[in-house]
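Chains as they are written, first to last, in the working numbering: chain B, 1 to 293; chain U, 1001 to 1572. Glycine is no exception: its CB is placed at the ideal position from the N, C-alpha and C atoms. All values derive from a computational prediction rather than experimental measurement. To start, the structure under review is shown below, and the notes come after it.
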């Protein structure tokens, strides 16, 4: 599972490229009291067979609801609160003439106690594979086509908007083979960073060591200019590693020491692109770059 | 009163009734035989005192019920704010064992868990309460009382958790002599605020069903309002408990749970509605004139795969007015119909009165996570204004007839990817905003992140929870702070934070024309509320809770936290 541990309303920290959330101490995936011990494999295997015969048609092969209208069991409050079949058995043995969530009535299944227990153990076994933040267990990986764009149109867009800095035979040579997939290629070129390599974590954010650093020119009160690599800037301080060597920092609180701070961000064009790029143009350029193998 | 006495007495692990001993001389042996008749101490904070404007103390999450975070204190002003001085710092410690701790104060231990696994360092991510010179602080699984004069710890309470998402705790609530707070494993805990001894705890949601609890409870008379959170497909609800006994008074679901609910027509089925989310997980505002608790609600679920739930999905992503006495929903206004981006509308609403189009109005305003600013009549719920304040927001095509943003389906998660702003975190989030009636401006941070959002589970049944999507974060174009004019929804002034990294914290404003907040670069800053000019700053690190102010012994303090460390500033 490549997805980082990001609770839903913590994501804003990461969302902005900040390192705040990444700096959080990694919490255990689940707490001991929430870890349901794995059931007996033989019982679960028996339960799987019973499920296939009795339950699958309505509740689905993946337990997420089936064609005959049975509800998703993996988000069922009865299932989630059930410990060892005590709640599930009530439903199986008595049926649901008038389901709480609407939908078709469920008939009673006169199964033995052991069989109902096995079905419950199987369901809980699948529930154990549920992913963080309520996501379902990972199913079979589906091939989804990200390359819906027109490569020719993408090449034209590239020439008009990107060719000033990038070239297909230069820095982008073979870019398509360096990316894990078309999505990784798209993420990389829009953000202006190296693509996630095949087999890599799709959520990892890499920076290109070849990207020129952000530089700054600080104009002092007497007109002197200091230029160098920007180390940090906020409303109150600017600091840099000067071209002439050494670390310098300046208070910028309105006193006459600093007259101007001019930042030259080599990635400014990509940030400008974010507000200007349409989805069709984005898909076209991705289709074009996918040809650079 | 002498707080050292409290500490000594608590050390003896006596019951709360021994508070009588507060009147003992400092060195008296703390034995039951020395008990004196209980003096009638006045309650720390009778709920009747909560209806006034924010003044000397900071008794609730937002200081007062209006949610304005507008302090009427006048000692710190534009001329002298630059002379604020550090009064003290204090680090809270989450000692897990009962008894005396490193700070000299005594730890009381409660909870239903085993207590034998780590939960990380404590982090103060909620509002600290200040009443009578004492600070009441919470983090996940912890509560502390500190002396506001020097930061000395008076007591600590540690909760042995059963689990749940440990993302943060937004603070406690005081009711008479009780401190009430939620735990990640879904309990409401009542402590004796004078000793840290537990009065009772009750379960407020099911941990097995993936609920977790962060909200600062809201006390209204003899009601304490609580809610939980849930990332799975579970129904959201607001509950009212008796603050004396912990007995449930009512539970109000924020999605239809029965066939006769009129909101069901905004869902494809009752089953979808009953798994539809909408948790009202941020403390709301309260209007004493109408008795309405006005809260924002969470997003619908499954979050990103709206195919599972066609329709507007009421009452998710809405402002909802709930009658506190009964739990009845009086009015609602949906700020994000059929959200598909996890942008819940659980932002603290702000109440104020103003003349709109020549007519005096009682208003409620919110700057929603989806990047739109709304003003409504808070008595009737009538919609008055919608304005886009997120300058990068690109997910909607104008407004619907009812004033809500009209979502662009192409900006939901798609298989080839959609370029969307904001990111999952939204333009705003839980961090509380502020409103200053003198300037007429609504103060909020504005996040400007972009993402490429992919649909990874095209199953026609939808996915579950936050599943079925992948997003690539592309960075932000310039996170900002802005002052919104509620007449137009336009920014009267806007400041882009240099550096482009990080997110600001909550906001405080004052009757002396100041705005305090944490910037995106680790500074606690004071600005001129009129034009945003910087008047003071101090770099204490990434501020983890909203700044607040109160008066102790005639001095005005400014308090903020960075993780486990509190910083208290004062004007001498």
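Neighbourhood of residue i by C-beta distance below 6 Å, restricted to the same chain and skipping five residues each side
i	result
residue 239(B)	231, 232, 249
residue 970(U)	Chain U is shown only over 1001 to 1572; residue 970(U) falls outside these bounds and no answer can be derived.
residue 1516(U)	1508, 1526, 1547
residue 121(B)	39, 43, 44, 47
residue 25(B)	Summary for residue 25(B): the model assigns pLDDT 35, below 50, so the residue's position carries little reliability, and this model does not support an answer.
residue 1095(U)	1101, 1107
residue 1518(U)	1504, 1505, 1524, 1543
Bridge-paired residues (DSSP) for residue i
i	result
residue 189(B)	Residue 189(B) pairs with nothing; no bridge assigned.
residue 1175(U)	1178(U)
residue 1296(U)	1319(U)
residue 1209(U)	In DSSP, residue 1209(U) forms no bridge with anything.
residue 1434(U)	1443(U)
residue 1362(U)	1353(U)
residue 91(B)	None; residue 91(B) has no bridge partner.
residue 1536(U)	1526(U)
residue 1135(U)	1130(U), 1146(U)
residue 1377(U)	1363(U)
Alpha-carbon to alpha-carbon, residue j and residue i
i	j	result
residue 1329(U)	residue 1215(U)	20 Å
residue 1389(U)	residue 1490(U)	7 Å
residue 1374(U)	residue 132(B)	33 Å
residue 221(B)	residue 252(B)	11 Å
residue 215(B)	residue 167(B)	24 Å
residue 1452(U)	residue 1183(U)	35 Å
residue 317(B)	residue 1530(U)	One cannot answer for residue 317(B) here, as it falls past the ends of chain B, which runs 1 to 293.
residue 1524(U)	residue 1539(U)	6 Å
residue 1456(U)	residue 1101(U)	50 Å
residue 1078(U)	residue 192(B)	43 Å
residue 1413(U)	residue 1301(U)	14 Å
residue 1424(U)	residue 1395(U)	12 Å
residue 1487(U)	residue 1324(U)	30 Å
8 Å CB neighbourhood of residue i in its chain, flanking five on each side removed
i	result
residue 286(B)	146, 147, 149, 154, 182, 185, 186, 189
residue 179(B)	185, 188, 195, 196, 197, 198
residue 1480(U)	1391, 1445, 1446, 1448, 1494, 1495, 1496, 1497
residue 1110(U)	1157, 1158, 1159, 1160, 1189, 1198, 1201
residue 1535(U)	1078, 1081, 1082, 1514, 1526, 1527, 1528
residue 1259(U)	1270
residue 1168(U)	1123, 1125, 1126, 1139, 1140, 1214
residue 105(B)	95, 96, 97, 98, 99
residue 1133(U)	1147, 1148, 1149, 1552, 1553
residue 1549(U)	1058, 1071, 1073, 1076, 1508, 1510, 1516, 1556, 1557, 1558, 1559
Proximal residues of chain U, C-beta to C-beta of residue i below 9 Å
i	result
residue 97(B)	Near residue 97(B) there are no residues of chain U at all, since even the closest Cβ is about 14 Å away, more than 9 Å.
residue 112(B)	Correct list: empty, because the minimum Cβ distance to chain U is about 26 Å.
residue 84(B)	Within chain U, no residue comes near residue 84(B); the closest Cβ sits about 13 Å away, beyond 9 Å.
Partners in chain B for residue i, counting only beta-carbon separations shorter than 8 Å
i	result
residue 1458(U)	142, 144
Coil, strand or helix - residue i by DSSP
i	result
residue 86(B)	helix
residue 1030(U)	Because residue 1030(U) carries a pLDDT of 39, less than 50, the predicted location of this residue cannot be relied on, and no value is offered for it.
residue 1549(U)	strand
residue 1167(U)	coil
residue 1562(U)	strand
residue 126(B)	helix
residue 1275(U)	coil
residue 1572(U)	coil
residue 1482(U)	strand
Cutoff 7 Å; reference residue i; Cβ partners in own chain excluding five residues on either side
i	result
residue 107(B)	95
residue 36(B)	124, 128
residue 1429(U)	1369
residue 1050(U)	1059, 1060, 1065, 1219
residue 1264(U)	1256, 1270, 1273
residue 1472(U)	1451, 1452
residue 1226(U)	1182, 1188, 1204, 1215, 1217, 1239, 1241
Neighbouring residues, chain U, relative to residue i (Cβ below 7 Å)
i	result
residue 91(B)	Those do not exist, as residue 91(B) stays about 15 Å from chain U at its closest Cβ, beyond 7 Å.
residue 236(B)	1523, 1537
residue 131(B)	1467
Contacts of residue i in chain B (Cβ-Cβ under 7 Å)
i	result
residue 1271(U)	71, 101, 102, 103
residue 1454(U)	183
residue 1205(U)	By Cβ distance, chain B contributes nothing, its closest Cβ being about 11 Å from residue 1205(U), past 7 Å.
residue 1474(U)	190, 191, 274
Contact set between residue i and chain D, taken where Cβ atoms lie within less than 9 Å
i	result
residue 282(B)	Of the protein chains in this structure, namely B and U, none is chain D.
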